[in-house]
Amino acid sequence: MNGENILQVKTFEFAISIVNVYKKMLHEDKEYALSRQVLKSGTSVGAMMREAEHAESRNDFIHKMMIAQKEINEIIYWLDLLFKSDYLKEEVYNDLSQNAKSIMLLITKSISTAKNNQNRQKQ
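Take the position in the sequence shown, starting the count at 1, then add 396; the result is the number in the working numbering.
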């Protein structure tokens with residue numbers, strides 16, 4: 397990984413997968429509204445991770461991570477919807493859903509660690 401943050405790498409790779417889903421929905425399925433929403437929420441997680449990397453303070457970092465947590469939760473909803481409405485094949489859905497849930501766990505752990513460090517610093 398050459399010193400790269402695992403969460404940033406995972407969210408970037410996830411965003412690439414989401415872009416591919418978007419392109420398929422747009423070109424093959426001719427679906428425009430849902431595909432844009434999926435693209436927006438699926439790529440915003442990685443963008444927020446980049447913002448958190450250069451947060452101005454620990455509070456700012458926690459805030460940005462909490463936004464990323466909300467975004468990954470949103471994309472899990474959209475993936476469920478796309479699968480149930482037959483826009484995603486089961487294999488693609490399982491892969492994306494598993495990755496999203498893994499990212500969610502990492503983000504949640506990062507928030508918890510940052511808050512614990514912040515509380516220790518106050519003492």
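The C-beta atom is built at its ideal place from N, Cα and C for all residues, glycine as well.
Exposed is the label assigned to Lys-480, since fewer than 16 other Cβ atoms lie within 10 Å of its Cβ. Of all alpha-carbon atoms in Lys-406, Leu-403, Phe-410, Leu-502, the one lying nearest the alpha-carbon of Tyr-489 is that of Phe-410.
For His-423, the uninterrupted alpha helix (DSSP H) segment begins and ends at 402-423. Inclusion of Met-445 and Leu-492 in the CB contact set at 8 Å is not warranted, their separation being larger than that value. Ranked by Cα distance from Lys-436, the first of Val-415, Asp-482, Glu-486, Glu-487 is Val-415. DSSP, read as helix, strand or coil, puts Glu-447 in helix. Inclusion of Ile-458 and Ile-507 in the CB contact set at 8 Å is warranted, their separation being smaller than that value. Between Ala-464 and Ala-448, the CB-CB gap stays under 8 Å.
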